[in-house]
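Only one structure is covered here, and it is reproduced in the block below.
There are 2 protein chains.
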Amino acid sequence: MADRQALILEAAVRVIARNGVRGLRVEELATEAGVSTALIYYHFKDRAGLVQRTLAFISDRATGYTDEAVEDSEDARAVLLQLLLSELQDTPRVRENSIAWGELRASAIFDTDLREALAESTRNWTRDTAEAVADAQAAGLADLAAVPLDVAERLNALVEGLSERWLSGSLELARARALLEGAVDAELGPHPGR
Amino acid sequence: MADRQALILEAAVRVIARNGVRGLRVEELATEAGVSTALIYYHFKDRAGLVQRTLAFISDRATGYTDEAVEDSEDARAVLLQLLLSELQDTPRVRENSIAWGELRASAIFDTDLREALAESTRNWTRDTAEAVADAQAAGLADLAAVPLDVAERLNALVEGLSERWLSGSLELARARALLEGAVDAELGPHPGR
DNA sequence: GTCTATAGGAAGATAGAC
DNA sequence: GTCTATCTTCCTATAGAC
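From first to last, the protein sequence lines are chains R and Y.
Using our numbering, the first residue of the first sequence is number 1, and each one after it goes up by one.
Using our numbering, the first residue of the second sequence is number 195, and each one after it goes up by one.
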């Protein structure tokens, strides 16, 4: 399945998750991916191109892994909560993605070229979350006065904030999750079914 | 007043705000501060030491500038709101601080040595915010069921999330501010006085 | 497309004078 | 404490063979 380029990109995400974008060394990536440095330059032109492609890659697959363990939730509101909580899990996969995602956002502050991919991915995530909010409302499990798009944008931004605090060691994971649950309650009103 | 070290640290914050920790070049800093590179190594031993001291410096002064234009607010709830909104302003000062702060947090993910200063500064900010929440409650301007510490931690994490989105160009400043106001309403209940 | 080997340069760090 | 000049290391990037 995966061609060489994809293998390199996946390895790049791992290396970035380990050392950050700034800590990405082409040679270390080559080792991680099991290829030569020359091949990396062949496929990605230069380091900047590599970073850009990697961050676009992160941005793409960011939407992918959330739906996995979510669909078997009880009600629409639980689906929303799971969707959000899926970003706050101590698994290699989530850690890797969250760190890389944070690096993408941090890099975009200084590198305008990265912003478009970032903004689009952010919009997609907001849309998905807003739909989940609307579903909860339709099911009678959320305050109808809440504006789905606003709530979604707030909750997602909160997840990012909490995630960064967790990853940078200023917040326990369990506490982050509890705080997030509290935010959902504050935004949607207390869960009727409990 | 300011000795050479402080001048260098202040210049370092500017350079970091411009290029990120990743983009900090000792020689550029030397130019910015109007000193030689050798002096920087003399005072800070090496680049890592420089970065660490700079981030501690950021962490220190982070608490400083919020109270300036806040105290003349009408009521306790307005004080809280101003406290939070002060991080979402398009002034050089706030931009510089927010970017540097974000860089600090991002760096702490990969550098354990930075975490202590970060965590302490975060705690201080949480405490201040929690006090503002409690004040609003005492004044009858906030839902008494809200847990000040929880609300504070959520609002602060949200501010960071919104700030990053703003700085990385995925969110308009005005929208970020509006979203934040909405979050305060969701957390404390609608403002009684309006 | 992929490798080995290496050129070339940028940035971190130091020696030594003042 | 501070500078100028320079060294050294590390890392990006390419040349050339397969």
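Just so it is clear, CB atoms sit at the ideal spot from N, CA and C, and this is done for glycine as well.
Bear in mind that the values here come from a model prediction, so they are computed numbers and not experimental data.
Query raised in the report: Around the C-beta of Pro190 of chain R, are 16 or more other C-beta atoms found within 10 angstroms, so that it is buried, or is it exposed?
Result: Burial call: exposed.
Query raised in the report: Roughly how many angstroms separate the alpha carbons of Gln276 of chain Y and Ile99 of chain R, rounded to a whole number?
Result: Annotation: Gln276 of chain Y to Ile99 of chain R spans about 31 Å, alpha carbon to alpha carbon.
Query raised in the report: Counting along the chain, where does the alpha helix (DSSP H) carrying Gly182 of chain R start and finish?
Result: Gly182 of chain R -> alpha helix (DSSP H) spans 173 to 188.
Report task. Output, in sequence order along the chain, the residues in the stretch 163 to 191 of chain R whose CB is closer than 7 Å to any CB in chain Y. Result -> Correct list: Glu164, Arg165, Leu167, Ser168, Gly169, Ser170, Leu179, Gly182, Ala183, Ala186, Glu187.
**Report entry** Leu244 of chain Y and Ala206 of chain Y closer than 8 Å at C-beta
**Finding:** Going by beta carbons, Leu244 of chain Y and Ala206 of chain Y fall inside the 8 Å limit.
Requested in this report: Could I get the ranges of all uninterrupted alpha helix (DSSP H) runs contained in the stretch 135 to 166 of chain R, with 4 residues as the minimum, in chain order?
Outcome: As far as the stretch 135 to 166 of chain R is concerned, it has no whole alpha helix (DSSP H) run of at least 4 residues.
Requested in this report: With 8 Å as the threshold, decide whether the Cβ of Arg47 of chain R is near any Cβ in chain Y.
Outcome: Chain Y contact via Cβ: absent.
Requested in this report: Give the DSSP-derived three-state secondary structure of Glu297 of chain Y in the structure shown.
Outcome: Glu297 of chain Y falls in the helix class under three-state DSSP.
Query - Proximity below 8 Å, CB of Leu249 of chain Y to CB of Leu308 of chain Y - result: In contact: Leu249 of chain Y and Leu308 of chain Y (Cβ atoms closer than 8 Å).
Query raised in the report: Would you say Arg309 of chain Y reaches chain R, if we count a Cβ-Cβ gap shorter than 8 Å as a contact?
Result: Against chain R, the CB of Arg309 of chain Y has a partner CB under 8 Å away; the residue lies at that interface.
Query raised in the report: Taking buried to mean at least 16 other C-beta atoms within 10 Å of its own C-beta, is Thr112 of chain R buried or exposed?
Result: The residue in question, Thr112 of chain R, is exposed, as its Cβ has fewer than 16 Cβ neighbours within 10 Å.
Requested in this report: Identify whether Glu74 of chain R lies in helix, strand or coil by the three-state DSSP scheme.
Outcome: Correct three-state label for Glu74 of chain R: coil.
Query raised in the report: So Thr126 of chain R packs on Asn97 of chain R, CB below 8 Å; how close in whole Å?
Result: The pair is not a contact, with the Cβ atoms about 17 Å apart (cut-off 8 Å).
Query raised in the report: Is Glu358 of chain Y near Arg105 of chain R, with beta carbons less than 8 Å apart?
Result: In contact: Glu358 of chain Y and Arg105 of chain R (Cβ atoms closer than 8 Å).
Query raised in the report: Thinking C-alpha only, which one of Y:Val215, Y:Gly376, Y:Leu274, Y:Asp266 is nearest Gly296 of chain Y?
Result: Nearest Cα to Gly296 of chain Y within the set Y:Val215, Y:Gly376, Y:Leu274, Y:Asp266: Y:Val215.
**Report entry** Under 7 Å from the C-beta of Phe110 of chain R: neighbouring residues of chain Y
**Finding:** Asn213, Gly214, Gly217, listed in chain order.
Requested in this report: Could you check how far apart the C-beta atoms of Asp143 of chain R and Leu188 of chain R are, in whole angstroms? I think they sit under 8 Å.
Outcome: That pair is a contact at about 6 Å.
**Report entry** Under 7 Å from the C-beta of Leu158 of chain R: neighbouring residues of chain Y
**Finding:** The answer, in chain order, is Arg348, Ala351, Leu352, Gly355.
**Report entry** The alpha helix (DSSP H) enclosing Ala2 of chain R, as first and last residue numbers
**Finding:** Looking at the DSSP string, Ala2 of chain R is not in any alpha helix (DSSP H), and its letter there is neither H nor E.
**Report entry** Alpha carbon of Phe110 of chain R to alpha carbon of Leu85 of chain R, nearest angstrom
**Finding:** Using only the alpha carbons, I get a separation of about 29 Å.
Requested in this report: Please state whether DSSP places Asp113 of chain R in a helix, a strand or coil.
Outcome: The three-state secondary structure of Asp113 of chain R, taken from DSSP, is helix.
Query raised in the report: Between the Cα of Leu223 of chain Y and the Cα atoms of Y:Tyr236, Y:Lys239, Y:Glu204, which residue gives the shortest distance?
Result: Comparing Cα positions, the closest option is Y:Glu204.
**Report entry** Limits of the unbroken alpha helix (DSSP H) element including Leu29 of chain R
**Finding:** Leu29 of chain R -> alpha helix (DSSP H) spans 26 to 33.
Query raised in the report: Along chain Y, which residues have their Cβ under 8 Å away from the Cβ of Ala106 of chain R?
Result: In chain order, Gly214, Gly296, Glu297, Ala300, Glu358, Ser362 make up the part of chain Y whose C-beta sits under 8 Å from the C-beta of Ala106 of chain R.
**Report entry** Proximal residues to Ala130 of chain R (C-beta, below 7 Å), its chain only, five neighbours per side dropped
**Finding:** So the qualifying residues of the chain are Pro148, Leu149, Ala152.
**Report entry** Short CB-CB distance (under 8 Å) between Asp60 of chain R and chain Y
**Finding:** Put simply, the CB of Asp60 of chain R is far from chain Y, with every gap to its CB atoms at 8 Å or more.
Query raised in the report: Among Y:Arg241, Y:Val220, Y:Gln331, which has the Cα closest to the Cα of Val273 of chain Y?
Result: For the residues Y:Arg241, Y:Val220, Y:Gln331, the minimum Cα distance to Val273 of chain Y belongs to Y:Gln331.
Report task. Could you tell me which chain Y residues have their CB closer than 8 Å to the CB of Thr91 of chain R, listed as they occur along the chain? Result -> None at all; the shortest Cβ gap to chain Y is about 16 Å.
Query raised in the report: For Ile8 of chain R versus Ala33 of chain R, is the C-beta spacing smaller than 8 Å?
Result: It is a contact, given that the beta carbons lie within the stated cut-off.
Query raised in the report: Are Ala333 of chain Y and Asp254 of chain Y closer than 8 Å when you measure CB to CB?
Result: No.
Query raised in the report: At least one CB of chain Y closer than 8 Å to the CB of Thr31 of chain R: is that the case?
Result: Look at Thr31 of chain R: its C-beta is not under 8 Å from any C-beta on chain Y.
Query raised in the report: Is DSSP giving His43 of chain R helix, strand or coil here?
Result: Assignment of His43 of chain R by DSSP, reduced to helix, strand and coil, places it in the helix class.
Query - Cβ separation of Ser362 of chain Y and Ala48 of chain R, assumed to be a contact under 8 Å, to the nearest whole Å - result: That belief does not hold up - the Cβ atoms of Ser362 of chain Y and Ala48 of chain R are roughly 18 Å apart, past 8 Å.
Query raised in the report: Which residue from Y:Ala368, Y:Val288, Y:Arg348 puts its Cα closest to that of Ala183 of chain R?
Result: Distance from the Cα of Ala183 of chain R is smallest, within the candidate group Y:Ala368, Y:Val288, Y:Arg348, for Y:Arg348.
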